[in-house]
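Participant: Could you have a look at this structure, given as structure tokens, before my questions?
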Amino acid sequence: MCKFVANIFLFLTLLNASIIILINGSSYIRISEKPVRNKVIKWNLPVQYDIDPNLNLYEWNIMLAIGNIQSHTCITFFQKQNKDNETNSIYFKHQESDYCSAETLGLSHKNKTQIIFIGKDCRSKPLRIQRLIHNTLGALNVQLRDDRDKYIKINETNMNNLGPKYFNRSCYPETDTYETIYDYGSLLHCNAYPFSKDINKLKTVEPIESEYKSLYENMMGQTEYVTFYDYKYLNLLYCNDSCKHRPKIQCFNSGYQDPKDCTKCVCPSGFIGWNCSENPISFDKCGKSYHYVTKQEQKIEYFLLVYYCAYKLKASNNKRICIKTS
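And the structure:
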């Protein structure tokens, strides 16, 4: 199996009336009949929430999802002490069906409880719940970005009747990408078969990249982890003012100023240091950490169970790197 990027570190250790539905691990948004492109409305912090008593057995999974967001962003949550429905809040509601859904994309109306329905498909899976919280906070699914046509092809002929309406960009709010990359591996990206007439046979979403198309497809629809860019988007959406009274610092390699500690940057995997300009340090036993990649195949041996190893692979401009693991 191959992966590719230009520079890589290898580590070895809506509408205001929309509904987001989670089907077979992917979240979709049920749209209203009238397409109106408003801006996503942000929640005031802390975001109030409450949990249906019928979800007692699964409350820990909801708390894990909330805790993940609080740990990686400036966004805070507060569990309501009263049961009124006249304040902006999220209500995690139990339902017996498989489906999970979020009532809105971003804040919908003032003084209203917004519901995230927790069904069998997500109640035991904290990250699937977390994806719906990201949607409710205003993070649009990646395949619905305004620039998506540069990266994926939508095959409407393979879709059922609901598909074309779901993928109609004019039906969703205008969203800022904050210059984040199009992340095929995002927790908020669908797999290749949403709304397919024949699941697992007729693909409805395909990467435009041809040579490494299958690799991008393998990234799509994962529900095992939240990516750096998933959290970065929420931080840029909600936390830009967190450091407004502190000196602005320049972050390198797609890092961004940490809203929880304005003296340093939050770095993607492969970069460390206060401004993300440094390389991780390996044990001496790992061997040479920097490799210039050419057409000639090179071999890196490592000691997975004993040492922490980091390797920087550098290729010429506009070249790709293929990594084979065995």
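Read in order, the letters of the sequence shown correspond to residues -17 to -1, 1 to 309 in mature numbering (1 follows the signal peptide of the UniProt record, and there is no 0).
All residues carry an ideal CB built from backbone N, CA and C; glycine is no exception.
Given the structure is predicted, the values throughout are model-derived calculations rather than measurements.
(1) Which of the three DSSP states is assigned to D241 in this structure?
(2) Please list the segments of the beta strand (DSSP E) lying wholly inside the segment 90 to 119, counting only runs of 3 or more residues, in order along the chain.
(3) Relative to the alpha-carbon of T206, which residue among N144, G102 and R114 has its alpha-carbon at the smallest distance?
(4) Assign S299 to buried or exposed, taking buried as 16 or more other Cβ atoms, counted over all protein chains shown, within 10 Å of its Cβ.
(5) Across the segment 50 to 59 and the segment 179 to 199, are there enough close Cβ pairs to call them in contact, namely three or more that are closer than 8 Å?
(6) By the DSSP assignment, the alpha helix (DSSP H) with K76 in it spans what residues?
(7) In three-state terms, what does DSSP make of K196?
(8) Is DSSP giving V30 helix, strand or coil here?
(9) Straight-line CA distance for N144 to Y176?
(10) Thinking H117 and L217 are a contact (beta carbons under 8 Å), I'd like their distance in whole angstroms, please.
(11) Looking at Y212: is its Cβ nearer than 9 Å to the Cβ of D244?
(12) Could you pull out every residue in the same chain whose Cβ sits closer than 6 Å to the Cβ of S197, ignoring the five residues on either side in sequence?
(13) Quick one: complete beta strand (DSSP E) runs, 3+ long, within the segment 228 to 287?
(14) Quick check: what's the CA-CA separation for G256 versus C248?
(15) Suppose you measure from the CA of N236 to the CA of T246; what does that come to, to the nearest Å?
(16) In this structure, does DSSP put M203 in helix, strand or coil?
(17) At 3 residues or longer, what runs of the beta strand (DSSP E) sit wholly inside the segment 126 to 203?
Facilitator: According to the structure shown:
(1) Counted from its first residue, the sequence shown places residue 241 at position 258. Of the three classes helix, strand and coil, the one that applies to D241 here is coil, per DSSP.
(2) 96 to 101
(3) As a first step, residue 206 is located in the sequence shown; it is residue number 223 there, counting from the start. Closest option to T206, Cα to Cα, is R114.
(4) The sequence position of residue 299 within the sequence shown is 316, counting from 1. The residue in question, S299, is exposed, as its Cβ has fewer than 16 Cβ neighbours within 10 Å.
(5) no
(6) The count along the sequence shown starts at 1 and reaches residue 76 at position 93. Where K76 is concerned, there is no enclosing alpha helix (DSSP H), although the beta strand (DSSP E) it sits in stretches over S72 to H77.
(7) Along the sequence shown, read from residue 1 onward, the residue named residue 196 stands at position 213. Correct three-state label for K196: helix.
(8) The residue labelled residue 30 in the question sits at position 47 within the sequence shown. Strand, per DSSP.
(9) Along the sequence shown, read from residue 1 onward, the residue named residue 144 stands at position 161. Along the sequence shown, read from residue 1 onward, the residue named residue 176 stands at position 193. So the two alpha carbons sit approximately 14 Å from each other.
(10) On the sequence shown, position 134 is the one that residue 117 refers to. On the sequence shown, position 234 is the one that residue 217 refers to. H117 to L217, Cβ: 7 Å. Contact.
(11) Locating residue 212 in the sequence shown gives position 229, where the first residue counts as 1. Locating residue 244 in the sequence shown gives position 261, where the first residue counts as 1. No, the pair does not count as a contact, with Cβ atoms beyond the cut-off.
(12) In the sequence shown, counting from the first residue as 1, residue 197 sits at position 214. Nothing listed; no residue qualifies.
(13) 273 to 275
(14) Along the sequence shown, one-based indexing puts residue 256 at 273. Along the sequence shown, one-based indexing puts residue 248 at 265. Approximately 8 Å, taken between the alpha carbons.
(15) As a working mapping, residue 236 is identified with position 253 in the sequence shown. As a working mapping, residue 246 is identified with position 263 in the sequence shown. Cα to Cα, N236 sits roughly 17 Å from T246.
(16) Residue 203 sits at position 220 when you count from the first residue of the sequence shown. Of the three classes helix, strand and coil, the one that applies to M203 here is coil, per DSSP.
(17) 135 to 137 and 188 to 190
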